[in-house]
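Okay, structure first, notes after.
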Amino acid sequence: MNPEHAPLIEMKNIEKHFGSVIALNGVSLEIYPGECHCLLGDNGAGKSTFIKTMSGVHKPTKGEILFEGTPMHFEDPRDAITAGIATVYQDLAMIPLMSVSRNFFMGNEPEKKFGPLKLFDHDYANRVTMEEMRTMGINLRGPEQAVGTLSGGERQTVAIARAVHFGAKVLILDEPTSALGVRQTANVLATIDKVRKQGIAVVFITHNVRHAMAVGDRFTVLNRGQTLGTAQRGQITPDELQDMMAGGQEMVALEGSLGGTV
Amino acid sequence: MSNTADNPVSDERIKQTPAWRKALIRPELGGICGTIIVFVLFAIFAGDSGMFNSQGILNWSVVSAQFMIIAVGACLLMIAGEFDLSVGSMIGFAGMMIAIFTITLGWPVWQAIIVTFALCTAIGALNGIIVVRTGLPSFIVTLAFLFILRGFTIYLPQLIERKTIIGGIDKAAEGDWLAALFGGKILTGLFTWLGDAGIIAVFERGNRAGQPVVDGVPMLIVWALVLVAFGHFVLTRTKFGNWIFASGGDAQAARYVGVPVNRVKILMFMFTAFCACVFATCQVMEFGSAGADRGLLKEFEAIIAVVIGGALLTGGYGSVIGAALGALIFGVVQQGLFFANVESSLFRVFLGVILLFAVVLNTYIRRMITGER
Chain A
1457 MNPEHAPLIE MKNIEKHFGS VIALNGVSLE IYPGECHCLL GDNGAGKSTF IKTMSGVHKP
1517 TKGEILFEGT PMHFEDPRDA ITAGIATVYQ DLAMIPLMSV SRNFFMGNEP EKKFGPLKLF
1577 DHDYANRVTM EEMRTMGINL RGPEQAVGTL SGGERQTVAI ARAVHFGAKV LILDEPTSAL
1637 GVRQTANVLA TIDKVRKQGI AVVFITHNVR HAMAVGDRFT VLNRGQTLGT AQRGQITPDE
1697 LQDMMAGGQE MVALEGSLGG TV
Chain C
17 MSNTADNPVS DERIKQTPAW RKALIRPELG GICGTIIVFV LFAIFAGDSG MFNSQGILNW
77 SVVSAQFMII AVGACLLMIA GEFDLSVGSM IGFAGMMIAI FTITLGWPVW QAIIVTFALC
137 TAIGALNGII VVRTGLPSFI VTLAFLFILR GFTIYLPQLI ERKTIIGGID KAAEGDWLAA
197 LFGGKILTGL FTWLGDAGII AVFERGNRAG QPVVDGVPML IVWALVLVAF GHFVLTRTKF
257 GNWIFASGGD AQAARYVGVP VNRVKILMFM FTAFCACVFA TCQVMEFGSA GADRGLLKEF
317 EAIIAVVIGG ALLTGGYGSV IGAALGALIF GVVQQGLFFA NVESSLFRVF LGVILLFAVV
377 LNTYIRRMIT GER
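Protein chains in written order, with our numbering: chain A, 1457 to 1718; chain C, 17 to 389.
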């Protein structure tokens, strides 16, 4: 993180209620360009609700979202995408039956004029897809290859490359590594690192402390709808993070019986 | 990144796929194979029955074209992830509305047709809105409309005209510019020339002696070809086509990247209703009447044609050309059994068998595409 930079996004005291359930109870967060901000928390801590507020899926009940210093009121995900906030969801990033290039340009199809008609520019889409995939280190058999034939890590990478290509300034990754094997996880983490170096802010949601420690610059822990604080890289140990996530007490007892393997 | 970037093409875990097999993995495969088989079979068993002279060709072309018109709508809708079971009832309803507007209310036919199209696409939109708003399966919502529309189609003419078939539309439609677009024929000059040249059969006696037996291409066939071309173009060549695939492939994933999924689905319901309306109008103009039982079971025939054409029932994958081939197979077999002197009830047996076969083949093709095991 570079402290001279102004924050790209400021989330101020965000509250979100679903009926009588208080999912978020005043969460604040700042995200700076070029940082990888890890958002940690156990299941039900409010991580998903929080990022869905950030990406325009939910409207906050209370609180303010500032994007590049101006207050934003996202009506739907489209508004957030237009502003430069892209989200990659774990399972819902890609459509397996469609080709990589159709997926890559889904919702942002390039068009060329053909007389009075506007056509989907397949040549352009195929070319760009191949180039972007090569940059990310994925070798496709062809742009027409169906996404269903890619591995989970490759799908995440395609989704990330897509978001970056379409000018995302903030990239929100919702548990991108939770369903992946060791090597695929390494690939996704390497991709996150590449993206960050391009000056894009990455919000990395995970409940795996080791994955967070591998790429994170700052760490925010959520618990029961509230922030337990934000720590800089080097100011906190993996064990401390783990304890914060689990809410302390019970985890100590558990870890004793498991011999520190968790 | 890791070393995957350094060893590009060869991955020891992936078997080489032969080129012929790649060429085969396309949604139209079943339709293409089926069409070839069907034509070869009937050429052998009914080749000398008149099935392939001008009247015979017209006969099965018209039936195929009817299937095609509704299959195009059903195909795009199925790729967008939804069904419409109200197509058959919509056909009956649309025909009846044209008849009531023309005969009972005395409107000019063009006005009756335009109002009916507007009414039917509005009902299609209503179907779509209910489906996307409630999140109910389209199967249930359109099943309700199957009964609602059929009920009105039987009730209204009885209430107004005290009968279930309203005739006399052909007289009213004479000289009407819009009616000609559905009931007319094109290329009549070419067919007269072909008849004169002795290439196609001509009447030998009667007051039409010397005129060709088949005197033109019915507008029904033109509509079918235009709708197939339009559907194929939209699906494969436009941005909207990508949205159709995306909406059916995974609606939530599509929404997250900004595809207006609800709008796409509602529009596809409207297009399906439009196709049903084209079918109904052509039929009414051909018969000169509208009957309360028109279009029975058409929704299932449309869906079967689409599935034979390689579309997945779960959405997100399919082809308009495939659906058109499915419709062609349908028409050729239905009429061909008649030419081959086979009991026509066996057509239903054929339908069931080919449907089962097509679904199994499609599932296999999908596994090949997505690499599922």
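Heads up, the beta-carbon is just placed ideally off N, CA and C, and yes, glycines get one too.
Look at the region 247 to 281 of chain C: the residues with a C-beta under 9 Å from a C-beta of chain A are Phe249, Thr252, Arg253, Thr254, Lys255, Phe256, Gly257, Asn258, Trp259, Phe261, Ala262, Gly264, Gly265, Asp266, Gln268, Ala269, Ala270, Arg271, Tyr272, Val273, Gly274, Val275, Pro276. Chain order gives the chain C residues near A/Tyr1545 as Gln268, Ala269, Tyr272, where near means a beta carbon separation below 9 Å. Scanning A/Asp1695, A/Leu1575, A/Ile1521, A/Ala1615 for the CA closest to the CA of A/Ile1470 turns up A/Ile1521.
In this structure, the alpha-carbon of C/Ser80 lies about 5 Å from that of C/Ala343. Residue pairing for A/Asp1630: DSSP places it in a beta bridge opposite A/Ile1661. Distances from the alpha-carbon of A/Gly1500 to those of A/Thr1662, A/His1529, A/His1667 put A/Thr1662 closest. DSSP places A/Val1483 inside the beta strand (DSSP E), whose first and last residues are 1477 to 1487. Of the candidates C/Leu283, C/Ile337, C/Phe163, the residue whose Cα lies closest to the Cα of C/Gly311 is C/Phe163. A straight-line Cα-Cα distance of about 10 Å links A/Asn1679 and A/Val1483.
Listed as beta-bridge partners of A/Leu1573 by DSSP are A/Phe1570. C/Ala306 is bridged by DSSP to C/Ile182.
A Cβ-Cβ distance of about 6 Å is found for the pair C/Ala115 and C/Ile185, placing them in contact under the 8 Å criterion. At the C-beta level, C/Ala374 and C/Ile337 stay beyond 8 Å of one another.
For A/Ala1617, there are no neighbours in chain C by C-beta distance under 9 Å, as the nearest C-beta there is about 12 Å away.
Within the model, the alpha-carbon separation for C/Phe285 versus C/Leu377 is close to 27 Å. Within its own chain, the residues whose Cβ lies closer than 6 Å to the Cβ of A/Ser1557, once the five positions on either side in sequence are excluded, are Ala1581, Asn1582, Thr1585, Pro1599, listed in chain order.
With distances taken between CA atoms, A/Ala1462 lies nearest to A/Ile1487 out of A/Lys1468, A/His1473, A/Ile1487, A/Leu1480. One thing to note: C/Val103 has its Cβ within 8 Å of the Cβ of C/Ala318.
Listed along the chain, the chain C residues whose CB falls inside 7 Å of the CB of A/Glu1565 are Lys255, Asn258. In terms of Cα proximity to A/Val1659, the closest of A/Met1550, A/Glu1696, A/Glu1610, A/Tyr1545 is A/Tyr1545.
Residues of chain C with a Cβ closer than 9 Å to the Cβ of A/Phe1576 are, in chain order, Thr252, Arg253, Thr254, Lys255, Phe256, Gly257, Asn258. Here A/Gln1688 is near A/Arg1674, since their CB atoms are less than 8 Å apart. In the DSSP assignment, A/Phe1675 falls within the unbroken beta strand (DSSP E) covering 1674 to 1679. Annotation: C/Ile381 to C/Pro43 spans about 8 Å, alpha carbon to alpha carbon. Chain C places a beta carbon closer than 8 Å to that of A/Gly1604, counting this residue as a contact. Taking 8 Å as the cut-off, the Cβ atoms of C/Ile95 and C/Gly331 count as close. As DSSP reads the structure, A/Ile1521 sits in a beta bridge with A/Met1467. Taking a cut-off of 8 Å on C-beta distances, the region 222 to 240 of chain C touches the region 193 to 203 of chain C, as three or more cross pairs fall below it. If you draw a straight line from the Cα of A/Leu1495 to the Cα of A/Arg1611, it is about 22 Å long. With 16 or more neighbouring CB atoms inside 10 Å of its own CB, C/Tyr333 falls in the buried class. The Cβ atoms of C/Gly264 and C/Gly97 lie closer than 8 Å to each other.
Secondary structure of C/Ala217 (DSSP, three-state): coil. Here the alpha carbons of C/Cys293 and A/Glu1524 stand approximately 52 Å from one another. Not a single C-beta of chain A is nearer than 8 Å to the C-beta of C/Tyr380.
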